[in-house]
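A quick write-up on the structure given underneath.
There are 2 protein chains.
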Amino acid sequence: MLKVLVVGANGQIGKHLISLIQNSDSLKAKAMIRNQEQAGFFENLGAETVVVDLEQDIDTIAKAAVGVDAVVFTAGSGAHTGKDKTIMVDLDGAVKTIEAAKVAGVKRFIMISSFDTRREAILAAPPSFAPYVAAKHYADEWLKRTDLDYTIIHPGLLTNNQGTGKIKAADEVARDEIPREDVASVILATLENDSTIGKEFQLVTGNTPIKEAVLSI
Amino acid sequence: MLKVLVVGANGQIGKHLISLIQNSDSLKAKAMIRNQEQAGFFENLGAETVVVDLEQDIDTIAKAAVGVDAVVFTAGSGAHTGKDKTIMVDLDGAVKTIEAAKVAGVKRFIMISSFDTRREAILAAPPSFAPYVAAKHYADEWLKRTDLDYTIIHPGLLTNNQGTGKIKAADEVARDEIPREDVASVILATLENDSTIGKEFQLVTGNTPIKEAVLSI
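Chains as they are written, first to last, in our numbering: chain Z, 1 to 217; chain U, 1001 to 1217.
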């Protein structure tokens, strides 16, 4: 059983992902949460929990990562927080988690990014969204410059629709929606498929079953 | 005569610096400004000007850097702008300028940073200041990972006091004030002293004449 530390477990994708992991035969989850009060949901699923705030230091995050086999970063400052949190969580929190994985000796790292974090996308974004794109750009760049076994997943517009189990995934796809439930299934398939190591892909709803789509990345 | 592109020329340090450069025997300045209306000050000093906004793309900044021998980045979003500008100017504007120098084939790059941009300083900073420290941290890190001939200058608390011409400069010094006029003189001395290449130093007011202090970095 490989153990997966999910950073941002209490987010909507995180909760779907922990459920999927706990129901899989080969994986088990460790949910990194900000408050002890969030623990009940994960304990009910039989998942381990650890309370760490992403604004703490690398060593504290590293302690949470010791002994796990993979780290999934799916934390986000959210649309309604200030731009200070964009720097402190989406950029600095991500980089500290990457560095913590290195300290803890965890090689596998899956980053849930934004749909398009290329430099051109920073310029093209509306002014209110550009700082978020920039923060995700630099977090992704940081990860790509490590020797971790990374995969960077770029989902389209997240919805709370029920997952269809079918997606379109490639280097570049047309911008479209994707249910959070399907994003979680894609993360699971990515964890189970080492051919995704060193790759990044965009992801929207589509016609190909998730496992098949992830295999062909 | 070596030509120096000053990014953020219209800031207070920038204006002091352009004056010093124009009065030196070995250097001449090219002031990068955001609006044509800012040009008069620099034209009166005999300096070339170029109008570029740091929120434009790398190629536009690179065009301004073609043919110069050094780039000084002393732009800042300022204390009164939102945290979105912290990402877009202090981090992304700096990185775009670094990349522009590479595109333009300019090797020498002097970064005016914040007093302490180490990872520990992000954690230690008050919450309202931490995003700025983080932005400067990542800009400095980006520069250190290039093969540019960089120097990173970390001035203490900036004042508008008249320069004394004397400083304390080292890897680490006790936090103190420093007149902007003296910071500009230190940049000039750094431009004139290639032994500062590949180095970074903190800088406060002190007892050592600026040229002597910079020589011993």
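By construction, the Cβ of each residue, glycine as well, lies at the ideal position given by its N, Cα and C atoms.
query                                                                                                                                                                               : result
Given this structure, state the Cα-to-Cα distance separating Glu1192 (chain U) from Thr1049 (chain U), to the nearest angstrom.                                                     : 22 Å
So Glu1099 (chain U) is in the alpha helix (DSSP H); what residue range does that whole segment cover?                                                                              : Asp1092 to Ala1104
Taking Cβ to Cβ, would you say Ile33 (chain Z) is nearer than 8 Å to Ala100 (chain Z)?                                                                                              : no
What residue from U:Ala1031, U:Leu1123 and U:Lys1003 has the CA that sits closest to Gly1014 (chain U)'s CA?                                                                        : U:Ala1031
Can you tell me the Cα-Cα spacing of Asp1194 (chain U) and Arg1108 (chain U), whole angstroms?                                                                                      : 9 Å
Smallest Cα separation from Phe42 (chain Z): which of Z:Leu54, Z:Leu158, Z:Asp171 and Z:Ala29?                                                                                      : Z:Ala29
What is the rounded straight-line gap between the Cα of Leu54 (chain Z) and the Cα of Arg180 (chain Z)?                                                                             : 22 Å
Within 10 angstroms of its Cβ, does Met1001 (chain U) collect 16 or more other Cβ (buried), or is it exposed?                                                                       : exposed
Output yes or no for whether 8 Å exceeds the beta carbon distance between Thr1060 (chain U) and Ile1098 (chain U).                                                                  : no
Is the number of C-beta pairs between the stretch 1146 to 1165 of chain U and the stretch 1118 to 1133 of chain U that are closer than 8 Å three or more?                           : no
Figure out for me which residue from Z:Leu188, Z:Thr151, Z:Gly105 and Z:Ser114 has the closest Cα to the Cα of Gly198 (chain Z).                                                    : Z:Thr151
Within the same chain, show all residues whose beta-carbon is closer than 6 Å to that of Lys85 (chain Z), passing over the 5 residues directly before and after it, in chain order. : Ser77
Within 8 Å of any Cβ in chain U, is that where the Cβ of Tyr150 (chain Z) sits?                                                                                                     : no
What residue range is occupied by the uninterrupted alpha helix (DSSP H) comprising Lys1030 (chain U)?                                                                              : No alpha helix (DSSP H) contains Lys1030 (chain U), which is instead part of the beta strand (DSSP E) from Leu1027 to Ile1033.
State the Cα-Cα distance for the pair Gly1206 (chain U) and Ile1187 (chain U), rounded to the nearest angstrom.                                                                     : 16 Å
Taking Cβ positions only, does Ala130 (chain Z) come closer than 8 Å to chain U?                                                                                                    : yes
Taking its Cβ as the centre, do 16 or more other Cβ atoms sit within 10 Å of Gln202 (chain Z), making it buried, or is it exposed?                                                  : buried
Among the residues of its own chain, which have a CB less than 7 Å from the CB of Lys1136 (chain U), if the five just before and after it don't count?                              : Asp1090, Ser1113, Ser1114 and Thr1117
In chain order, what are the residue ranges of uninterrupted beta strand (DSSP E) at least 3 long that sit wholly in the stretch 1111 to 1197 of chain U?                           : 1149 to 1155, 1157 to 1159, 1166 to 1170 and 1177 to 1179
Using only CA atoms, which one of U:Val1068, U:Val1095 and U:Ala1047 lies nearest to Gly1244 (chain U)?                                                                             : Here chain U covers residues 1001 to 1217 and nothing more, so residue 1244 (chain U) does not appear.
What residues in the stretch 67 to 87 of chain Z have a beta carbon less than 8 Å from any beta carbon of chain U?                                                                  : Gly82, Lys83, Asp84, Thr86 and Ile87
Output needed for Val1196 (chain U): all residues of its chain with C-beta closer than 7 Å, excluding positions within five of it in sequence on either side, in chain order.       : Per the sequence shown, residue 1196 (chain U) should be read as Thr rather than Val. Counting only Cβ-Cβ distances below 7 Å, and skipping sequence neighbours, we find Thr1151, Thr1190, Val1214 and Ile1217.
Which residue or residues does DSSP assign as beta-bridge partners of Ala65 (chain Z)?                                                                                              : Beta-bridge pairing links Ala65 (chain Z) to no other residue.
Any C-beta of chain Z sitting closer than 8 Å to the C-beta of Leu1203 (chain U)?                                                                                                   : no
If we define contact as Cβ-Cβ less than 8 Å, is Asp59 (chain Z) a contact residue for chain U?                                                                                      : no
List the whole-angstrom C-beta distance separating Ala1075 (chain U) from Gly1008 (chain U), where the pair is believed to meet the contact cut-off of C-beta under 8 Å.            : 3 Å
Tell me the DSSP secondary structure of Ala9 (chain Z) in three-state form.                                                                                                         : coil
Count the other CB atoms, across all protein chains shown, that sit within 10 Å of the CB of Ala1170 (chain U); report buried if there are 16 or more and exposed otherwise.        : exposed
Suppose you measure from the CA of Asn1010 (chain U) to the CA of Gln1038 (chain U); what does that come to, to the nearest Å?                                                      : 7 Å
So, is the C-beta of Ala1134 (chain U) closer than 8 Å to a C-beta in chain Z?                                                                                                      : yes
Counting only beta-carbon separations shorter than 8 Å, does Ile1122 (chain U) have a partner in chain Z?                                                                           : yes
Below 7 Å CB to CB, which residues in the same chain sit around Asn1161 (chain U) once its five sequence neighbours on both sides are set aside?                                    : Pro1179
Consult DSSP for Ala1070 (chain U) and reduce its assignment to one of helix, strand or coil.                                                                                       : strand
Restricting to Cα atoms, I'd like to know which of U:Arg1119, U:Glu1200 and U:Ile1153 is closest to Asp1182 (chain U).                                                              : U:Ile1153
Below 8 Å between beta carbons: does that hold for Ile1167 (chain U) and Ile1110 (chain U)?                                                                                         : no
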